[in-house]
Amino acid sequence: MEKMDGYVPYPPKVFRIEPSGACNLKCIHCPTGCVPMKRGIMPLGTFQKILKEIEDAPPKVAVLYHGGDPFLNKNIFDMIKSIKALGVQTVKTVSNGMLITYEMLPKILESGLDIIEFSLDGSNPNENNKIRCGSDYSKVSSIIKELLKLKEDTKSQIDIFIANIQIPTEKELYETKGQANVPIYLLEDFSEWKKIIKFKCFYPIIWPDYPVDEAKYKIVVLAFNTTVTTVDSLYCDHVHNTITIRWTGDVVGCCYDIISSFVLGNIFDSPLKEIWNNEKYRLLRKSICTNKFLSMCKYCGEVNPPTFFVRR
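Residue numbering for the sequence shown follows our numbering, beginning at 5 and increasing consecutively.
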């Protein structure tokens with residue numbers, strides 16, 4: 005745990021770099037699709053500046069994803085290769101799959117990417133297409149299956165995940181104690197690949213400054229959850245072990261801050277090493293440690309009972 009002054013040794017274990025702040029979808033549970041703000045693609049020069057700063061002490065993990073779809077960035081494969089060339093052990097990205105073509109699949113494996121996570125939501129294909137506005141379940145599932153086949157044929161070590169978000173009723177939320185199960189439609193559709201496909205399932209959280217439509221949804225706090233640490237030992241792994249750099253070069257506190265509600269610095273103004281322990285970063289850490297949360301942490305399940313929105 006950090007000192008009470010909020011200091012944490014540099015470098016962190018994980019670097020989260022955003023190739024694209026823009027997205028081709030408008031998912032109803034995601035701030036990227038719901039909150040109007042300027043969104044763009046990380047210029048190659050910005051990425052190269054980040055590489056230069058971390059080449060002497062590369063992190064263990066690099067996540068090339070934050071608010072938008074990384075495959076909107078035409079340099080994504082070169083980014084993956086460049087990060088791997090530094091000796092980073094694990095490189096991960098996340099995609100909605102709609103921008104990936106069959107011709108791109110060999111490039112994904114050849115790039116050295118260690119983990120790719122595809123997003124498919126809801127409890128059936130039609131619900132996926134409604135939640136993930138602009139998504140086509142048939143197209144994305146076909147791409148994933150082809151990648152699974154290619155992984156098997158080439159004996160690639162890449163891990164392929166499907167991440168699934170379901171919007172439950174309040175009753176379903178309590179019955180499952182906030183732990184979503186893999187929906188049957190995904191288990192059935194990917195049954196041929198059950199030995200190599202992996203799933204991650206969630207209910208929708210309340211993002212910082214996310215505009216919940218309370219006419220359609222209800223905010224529910226699972227107060228009985230016992231996984232949250234006590235006030236005497238509040239700790240957030242995100243602000244201790246991960247630094248998150250947006251497409252603009254802005255550094256934000258964690259992966260949940262998709263709308264840059266609390267910018268800690270910018271790589272064009274200060275080196276990452278200085279930003280990591282500047283006044284604002286220390287303030288964020290101390291606010292968590294002392295249970296005096298900033299607005300962006302208000303609903304976060306890392307330090308509070310988990311909060312979700314459910315169907316009315």
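Even glycine gets a Cβ: it sits at the ideal position worked out from N, Cα and C.
This structure is a prediction, so every number in the text was calculated from the model and none was measured.
Indicate the three-state DSSP secondary structure (helix, strand or coil) for C137 in the structure shown. Assigned with DSSP and collapsed to three states, C137 falls in strand.
Check whether N100 and R136 have beta carbons under 8 Å apart: Going by C-beta atoms, N100 is nearer than 8 Å to R136.
Whole runs of the beta strand (DSSP E) within the region 44–125, excluding any shorter than 3 residues: Within the region 44–125, the complete beta strand (DSSP E) runs of at least 3 residues are 65–68, 94–99, 119–123.
Which partner residues does I166 have in the DSSP bridge list? Residue pairing by DSSP places I166 opposite F122, F203 in a beta bridge.
So, is Q170 buried or exposed, given that buried needs 16 or more other C-beta atoms within 10 angstroms? Buried is the call here.
One question on the structure: do R315 and P172 come within less than 8 Å of each other, judged by their Cβ atoms? Yes, the pair counts as a contact, with Cβ atoms nearer than the cut-off.
Which word fits S24, buried or exposed, when buried means at least 16 other C-beta atoms lie within 10 angstroms of its C-beta? With 16 or more other Cβ atoms within 10 Å, it is buried.
DSSP puts F272 in a beta bridge; with which residues? Answer is none; F272 lacks a bridge partner.
Quick test of the definition: if touching needs 3 or more C-beta pairs under 8 Å, does the region 119–137 touch the region 52–62? Output reads no: the region 52–62 does not touch the region 119–137.
Backbone CA spacing between T94 and K85 [nearest angstrom]: In this model, T94 and K85 are separated by some 12 Å (Cα to Cα).
According to DSSP, simplified to helix, strand and coil, what is R286? Assigned with DSSP and collapsed to three states, R286 falls in helix.
In the DSSP assignment, the beta strand (DSSP E) including V243 goes from what residue to what residue? Membership of V243 in any beta strand (DSSP E) is not indicated; the residue belongs instead to the alpha helix (DSSP H) covering 241–245.
Who are the near neighbours of I200 in its chain, counting only those whose CB is closer than 8 Å to its CB and skipping five residues on each side? Answer for I200: L152, K155, E156, I164, listed in chain order.
Count the other C-beta atoms from every protein chain shown that fall within 10 angstroms of the C-beta of S146, then say buried if there are 16 or more, exposed otherwise. Exposed, because fewer than 16 other Cβ atoms sit within 10 Å of the Cβ of S146.
Roughly how many angstroms lie between the CA atoms of A66 and I223, to the nearest whole one? Rounded to whole angstroms, A66 to I223 spans 33 Å at the Cα level.
Considering only their Cβ atoms, is the gap separating K220 from G138 smaller than 8 Å? Between G138 and K220, the CB-CB gap reaches or exceeds 8 Å.
Beta carbon of I262, beta carbon of G71: below 8 Å? Contact: yes.
Helix, strand or coil: how does DSSP classify D255 here? One point to set straight first is that residue 255 is Val, not Asp, in the sequence displayed. In the structure shown, V255 falls within a strand segment according to DSSP collapsed to helix, strand and coil.
Applying the 10 Å Cβ sphere with the 16-neighbour rule, what's the burial state of P158? The amino acid at residue 158 is misidentified as Pro; the sequence shows Thr. By the Cβ-count criterion, T158 is exposed, with fewer than 16 other Cβ atoms from all chains shown falling within 10 Å of its own Cβ.
The alpha helix (DSSP H) that contains I188, what's its start and end? Where I188 is concerned, the enclosing alpha helix (DSSP H) stretches over 188–193.
Contacts around I279, its chain only, beta-carbon distance under 7 Å, and the 5 residues preceding and following it disregarded: Excluding sequence positions up to five before and after I279, its CB lies within less than 7 Å of the CB of V255, L268, G269, Y285, all in the same chain and listed in chain order.
Across which residues does DSSP place V225 in a beta bridge pair? V225 pairs with T311.
Alpha carbon to alpha carbon, how far is E283 from I87? Straight-line Cα distance between these residues: approximately 29 Å.
Ignoring anything shorter than 4 residues, give me the alpha helix (DSSP H) runs that lie fully in the region 5–46, in order along the chain. As far as the region 5–46 is concerned, its whole alpha helix (DSSP H) runs of at least 4 residues are 35–38.
Is F312 buried or exposed, if buried means 16 or more other CB atoms sit within 10 Å of its CB? Buried: at least 16 other Cβ atoms inside 10 Å.
Report the three-state DSSP secondary structure of V216 (helix, strand or coil). Correct three-state label for V216: coil.
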